[in-house]
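**Student:** Using our numbering, you'd call the opening residue of the sequence shown number 10 and step up by one each time. By construction, the Cβ of each residue, glycine as well, lies at the ideal position given by its N, Cα and C atoms.
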Amino acid sequence: MAKVISFANQTGGVGKTTSAINVAASLGVLGHRVLLIDLDPQGNSTSGIGVAKKELKISSKDILTGNSTAKEAILDTEFDNLWLIPTNISLAGVEFELYDLFEDGQLPYILKEGLKPIQDDFDYIIIDCPPSLGMLTINAFTASDGIIVPMQCEYYAMEGLSQLIGAIKGIKKKFNPELTITGILITMYNARFRLSSQVMADLKNYYADKIFDTCISRTVKLTEAAGYGEPVYYYEKNAKGSKQYLEVAKELCERI
Ligand SMILES: Nc1ncnc2c1ncn2[C@@H]1O[C@H](COP(=O)(O)OP(=O)(O)OP(=O)(O)O)[C@@H](O)[C@H]1O
Ligand SMILES: [Mg+2]
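#1: Look at residue 196 and residue 28 and say whether their C-beta atoms are less than 8 Å apart.
#2: Thinking residue 193 and residue 216 are a contact (beta carbons under 8 Å), I'd like their distance in whole angstroms, please.
#3: Closer than 7 Å to a non-hydrogen atom of ligand 1 - does that hold for the CB of residue 209?
#4: I need the straight-line Cα distance from residue 105 to residue 259, nearest angstrom please.
#5: Looking only at DSSP bridge pairs, what is residue 137 linked to?
#6: Can you name the start and end residues of the alpha helix (DSSP H) that residue 103 belongs to?
#7: So, residue 149 versus residue 157, is the Cβ gap smaller than 8 Å?
#8: Count the other CB atoms within 10 Å of the CB of residue 279; is the residue buried (16 or more) or exposed (fewer)?
#9: Cα-Cα, which of 117, 184 and 32 is closest to residue 88?
#10: Out of 161, 244, 83 and 43, which has the shortest C-alpha to C-alpha gap to residue 18?
#11: Tell whether a beta-carbon distance below 8 Å holds between residue 97 and residue 66.
#12: Nearest by alpha-carbon distance to residue 143: which of 130, 238, 110 and 100 is it?
#13: Is it a yes or a no for the segment 41-58 touching the segment 169-181, going by three-plus beta-carbon pairs under 8 Å?
#14: Is there at least one non-hydrogen atom of ligand 1 closer than 7 Å to the beta-carbon of residue 22?
#15: Rounded to whole angstroms, what is the Cα-Cα separation between residue 75 and residue 35?
#16: Roughly how many whole angstroms lie between the Cα atoms of residue 151 and residue 13?
#17: Once you ignore the five residues that flank residue 116 on each side, which residues in its own chain have a CB closer than 7 Å to its CB?
#18: Quick one: grab the DSSP three-state call for residue 192.
#19: Could you tell me if residue 90 is buried or exposed, where buried requires 16 or more neighbouring beta carbons within 10 angstroms of its beta carbon?
#20: Round the Cβ separation of residue 73 and residue 44 to the nearest angstrom and send it over; I've been treating them as touching at under 8 Å.
#21: If you follow the alpha helix (DSSP H) that residue 207 is part of, which residue opens it and which one closes it?
#22: Within 10 angstroms of the Cβ of residue 232, are there 16 or more other Cβ atoms? Answer buried if so, exposed if not.
#23: Should residue 227 be listed as close to ligand 1, given that the test is whether its C-beta is under 7 Å from any heavy atom?
#24: For the candidate residues 80, 94 and 254, whose alpha-carbon lies nearest to that of residue 86?
#25: Opposite residue 198 in the DSSP bridges: which residues?
#26: Around the C-beta of residue 239, are 16 or more other C-beta atoms found within 10 angstroms, so that it is buried, or is it exposed?
#27: Report buried or exposed for residue 204, applying the criterion of at least 16 other Cβ atoms within 10 angstroms of its Cβ.
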């Protein structure tokens, strides 16, 4: 049965999508069967692996509204062992539709129910969450075994993190007792910034066992690769980002 991992942080621009794409692709390189689900109306995971957002026939929205099954929504990608459930801006209004379609008590479980029929088709299901703690993210957390929190070593990062951990605890208690934080992944790291090393030291103090041993360095290749619609491993196999995300994928397999 697939392990379901959400990449989440309500802070925008911290590397959720970059990490979801590249960890998913790295797991595929390591021989695991991986499904990446784009659950952010921005559709950056979709375009980031080369799928045209505008031309989607079926998207993650259709699984939530019940217009399609998860199986129907899956697209094959040109990358090893990697499949995608894409999305686009049409997902943005879905929360209102869901309130009409479902009873309140069913709302947090819609994605979990939708994924049940495909759980045995993959080793890992990776969900790229939007930068908010709304109903989409709640659905992702309820469907997940673990959460990876990508974060930058910035001044306000610790504040955001404690808010996020509070929300995760709430969802664990109400909807998904098995939910755990698989790890905190430091992204866009630059050890030469004194602030980064300071925040890193604080993080290690509070959350030592949760922080991935591998940090992702700040490197323009990751942005370039996304612009080409490729995981960095396929864009430049020997790039620092390729090696680091492969290490993170290996660590993930050990952690979950
Ligand atoms: N390690 C890195 N080095 C340099 N640039 C990076 C790195 N990781 C991500 N970026 C760039 O930073 C920007 C934000 O990254 P990304 O889209 O992954 O964040 P996000 O958390 O998914 O954002 P959002 O909250 O909008 O969904 C992108 O332009 C991305 O290419
Ligand atoms: Mg994103």
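**Tutor:** Well, looking at it:
#1: Taking the first residue of the sequence shown as 1, we reach residue 196 at position 187. Taking the first residue of the sequence shown as 1, we reach residue 28 at position 19. In this structure, residue 28 lies closer than 8 Å to residue 196 by Cβ.
#2: Locating residue 193 in the sequence shown gives position 184, where the first residue counts as 1. Locating residue 216 in the sequence shown gives position 207, where the first residue counts as 1. Confirmed, about 6 Å.
#3: Here residue 209 is taken as the residue at index 200 of the sequence shown, counted from 1. Not so, every heavy atom of ligand 1 lies at least 7 Å from the Cβ.
#4: As a working note, residue 105 is residue 96 in the sequence shown. As a working note, residue 259 is residue 250 in the sequence shown. When rounded, the distance between both Cα atoms is 39 Å.
#5: Mapped onto the sequence shown, residue 137 falls at position 128. According to DSSP, which records beta bridges pairwise, residue 137 is partnered with 16 and 47.
#6: Here residue 103 corresponds to residue number 94 of the sequence shown, with the count starting at 1. Counting along the chain, the alpha helix (DSSP H) containing residue 103 begins and ends at 103-110.
#7: Position 140 of the sequence shown, counted from the first residue, corresponds to residue 149. Position 148 of the sequence shown, counted from the first residue, corresponds to residue 157. Result no, Cβ atoms of residue 149 and residue 157 do not sit closer than 8 Å.
#8: Only positions 10 to 265 of the chain appear in this structure, which leaves residue 279 out of reach.
#9: Along the sequence shown, read from residue 1 onward, the residue named residue 88 stands at position 79. Answer by Cα proximity: 32.
#10: For the purposes of this step, residue 18 is identified with residue 9 of the sequence shown, where counting begins at 1. When each option's Cα is compared against that of residue 18, the closest is 161.
#11: Numbered from 1 along the sequence shown, position 88 holds the residue referred to as residue 97. Numbered from 1 along the sequence shown, position 57 holds the residue referred to as residue 66. Result no, Cβ atoms of residue 97 and residue 66 do not sit closer than 8 Å.
#12: The residue given as residue 143 occupies position 134 in the sequence shown. Of 130, 238, 110 and 100, the residue nearest in Cα terms is 100.
#13: no
#14: Indexing the sequence shown from 1 puts residue 22 at position 13. Correct: residue 22 has its Cβ closer than 7 Å to ligand 1.
#15: Working through the sequence shown from its first residue, we reach residue 75 at position 66. Working through the sequence shown from its first residue, we reach residue 35 at position 26. Between residue 75 and residue 35, the C-alpha separation is close to 31 Å.
#16: Within the sequence shown, residue 151 is the residue found at index 142, counting from 1. Within the sequence shown, residue 13 is the residue found at index 4, counting from 1. Distance between the alpha carbons of residue 151 and residue 13 is about 10 Å.
#17: For this step, residue 116 is matched to residue 107 along the sequence shown. Only 107 and 144 meet the Cβ criterion.
#18: Reading the sequence shown from its first residue, position 183 is the one you call residue 192. Three-state DSSP puts residue 192 in a strand.
#19: Residue numbering aside, residue 90 sits at position 81 when the sequence shown is read from its first letter. Its Cβ being crowded by 16 or more others within 10 Å, residue 90 is buried.
#20: Here the question's residue 73 lines up with position 64 in the sequence shown. Here the question's residue 44 lines up with position 35 in the sequence shown. That pair is no contact at about 16 Å.
#21: Indexing the sequence shown from 1 puts residue 207 at position 198. 203-216 is the extent of the alpha helix (DSSP H) around residue 207.
#22: Within the sequence shown, the letter at position 223 stands for residue 232. Classification for residue 232: exposed.
#23: Working through the sequence shown from its first residue, we reach residue 227 at position 218. Residue 227 Cβ: within cutoff of ligand 1.
#24: Counting from 1 along the sequence shown, the entry for residue 86 is found at position 77. If we check each option's Cα against that of residue 86, 94 comes out closest.
#25: Taking the first residue of the sequence shown as 1, we reach residue 198 at position 189. Beta-bridge pairing links residue 198 to 226.
#26: As a position in the sequence shown, residue 239 is number 230, starting the count at 1. By the neighbour-count rule (16 or more Cβ atoms within 10 Å), residue 239 is buried.
#27: Locating residue 204 in the sequence shown gives position 195, where the first residue counts as 1. By the neighbour-count rule (16 or more Cβ atoms within 10 Å), residue 204 is not buried but exposed.
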